[in-house]
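Residues 225 to 571 (the numbering used here) are what the sequence shown spells out, left to right.
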Amino acid sequence: MRKYPKFKAAIMHVAPVLLDTARTVEKACSLIEEASANGAELVVFSETYISAFPIWSALNAPIYNHGWFRRLAASAVMVPGPEIEKISATARRTGTIVSIGINEGSQASVGCIWNSNILIGADGGILNHHRKLVPTFWEKMCWSNGDGAGLRVVETNLGKIGMLICGENFNPLARFSMIAQGEQVHLSSYPPVWPAYDPKEASYDVAEGIRVRANAHSLEAKVFNLVAASFMDDKMLDELSAGNADARRILADSPRGVSMILSPTGSVVAEPVQNEERILYGEIDTAACVEPKQLHDLSGYYNRFDIFKLTIDRSANQPVIFEGDDEGRELPVDNQKMDERHNVVRL
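Structure follows, in structure tokens:
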């Protein structure tokens, strides 16, 4: 007989310590412990919470951003790596499932950075590792294209959890890939602010875009949508706009990202938070995902799979594949490490 878990979720509408990986990890672990002490079993952080969202790419011409990029690359974390291991240890100690956005570095290049999201289980193991498929607009100045390896919905004791990063939630095919895997709880991560235009010339409200897309996916997928945007504190604002009055005006006048929890019918589970730093809590009952499927079940009867067909390539991108290395030589088992994401053996 199917079970429909109930649990408390915590959305971290909080600021990182800008480009300080160690201190941001410490803050994240402290927040996980606080949320767990308040009864949360699922903790959701924002897009690239560790430890910066590259807003400078929207504010300055590329020729002035080399220093920012060097700092971002230096602060990127590896998966696996000590930073993720520390967060995993906190998840295991508190018995909490944790979703967190990171700037992920690469062993193949000192300048390759992925916008990634890691889902960590209550036992500390990595449940899913997703790299944002395509950086959006000026984000292309910093991040590399991801791949389909992380387009997965994971079965957990809290239900089936899927996750997409920022603009991926505007991609109907990416969202359908979640729906088609029986998703019950959807995690959406966003930045603290996203200047698309100079506010004095054109209006762009990232919060309204988040609301529209979050509501649409809740209604279409019949899922709980847990939306986590970061927060820009005064210290971040000061550092991003140092010596640049125009940059400060743009940041100050651009709408902030918004965090919220929506039900499978699109109703508000927890009141949205936007202009203050705090933890947002909400009660989730996955039984509420069932009845709305009678109306429109896009992964069931309310579709025509004989007409519409979607194929997804889940292979991970690799810069090179080596063949014939150490051919014919047996390797001691203790000297082998399997990188499950890339299906290669590393010595």
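Beta carbons are placed, not taken as given, at the ideal position from N, Cα and C, and that holds for glycine.
Give the DSSP-derived three-state secondary structure of residue i in the structure shown.
| i | result |
| --- | --- |
| residue 266 | strand |
| residue 520 | coil |
| residue 249 | helix |
| residue 509 | strand |
| residue 500 | coil |
| residue 459 | helix |
| residue 274 | strand |
| residue 407 | coil |
| residue 260 | helix |
| residue 326 | strand |
| residue 393 | helix |
| residue 236 | strand |
| residue 382 | coil |
| residue 287 | helix |
| residue 231 | strand |
| residue 495 | strand |
| residue 388 | strand |
| residue 402 | helix |
| residue 570 | Confidence in residue 570 is poor, its pLDDT being 33 and thus under 50, which makes the residue's placement too unreliable to answer from. |
| residue 375 | coil |
| residue 534 | coil |
| residue 254 | helix |
Mind checking residue i: buried by the 16 CB within 10 Å criterion, or exposed?
| i | result |
| --- | --- |
| residue 335 | exposed |
| residue 534 | exposed |
| residue 470 | exposed |
| residue 560 | The predicted model places residue 560 with a pLDDT of 42, which falls under 50 and marks its position as unreliable; any figure quoted below should be read in that light. With fewer than 16 other Cβ atoms within 10 Å, it is exposed. |
| residue 287 | exposed |
| residue 352 | buried |
| residue 227 | exposed |
| residue 356 | buried |
| residue 410 | buried |
| residue 544 | exposed |
| residue 313 | exposed |
| residue 532 | exposed |
| residue 393 | buried |
Which two residues bound the contiguous alpha helix (DSSP H) that contains residue i?
| i | result |
| --- | --- |
| residue 293 | 290-299 |
| residue 312 | 306-318 |
| residue 434 | 430-445 |
| residue 474 | 469-477 |
Can the beta-carbon of residue i be found less than 8 angstroms from the beta-carbon of residue j?
| i | j | result |
| --- | --- | --- |
| residue 375 | residue 404 | no |
| residue 324 | residue 311 | yes |
| residue 463 | residue 242 | yes |
| residue 321 | residue 349 | no |
| residue 474 | residue 396 | no |
| residue 220 | residue 379 | One cannot answer for residue 220 here, as it falls past the ends of the chain, which runs 225 to 571. |
| residue 479 | residue 537 | no |
| residue 318 | residue 270 | no |
| residue 359 | residue 341 | no |
| residue 444 | residue 522 | yes |
| residue 402 | residue 382 | no |
| residue 448 | residue 487 | yes |
| residue 417 | residue 434 | no |
Does any heavy atom of the ligand FAD sit closer than 7 angstroms to the C-beta of residue i?
| i | result |
| --- | --- |
| residue 499 | With respect to small molecules bound, the structure shown includes none, and the ligand FAD cannot be examined in it. |
On the DSSP letters alone, give me the boundaries of the beta strand (DSSP E) that residue i sits inside.
| i | result |
| --- | --- |
| residue 340 | 337-344 |
| residue 283 | Run containing residue 283: none in the beta strand (DSSP E); it sits in the alpha helix (DSSP H), 280-283. |
| residue 451 | 448-453 |
| residue 351 | 350-355 |
| residue 333 | Unbroken run through residue 333: none, as it is neither H nor E. |
| residue 486 | 483-486 |
(message) For the stretch 483-491 against the stretch 500-513, do three or more pairs of beta-carbon atoms, one drawn from each stretch, fall closer than 8 angstroms, so that the two count as touching?
(response) yes
(request) Mind the definition here: the stretch 455-467 touches the stretch 228-248 only if three or more C-beta pairs lie below 8 angstroms; say whether that holds. (result) yes
(request) Say whether the stretch 297-305 touches the stretch 438-452, bearing in mind that this needs 3 or more beta-carbon pairs closer than 8 angstroms, one atom from each stretch. (result) no
(message) Closer than 8 angstroms is the cut-off here; do at least three beta carbon pairs connect the stretch 514-525 with the stretch 241-252?
(response) no
(message) Check whether the stretch 276-291 and the stretch 305-323 touch, using three or more Cβ-Cβ pairs below 8 angstroms as the test.
(response) no
(message) Would you call the stretch 485-495 in contact with the stretch 371-385, where contact means no fewer than 3 C-beta pairs closer than 8 angstroms?
(response) no
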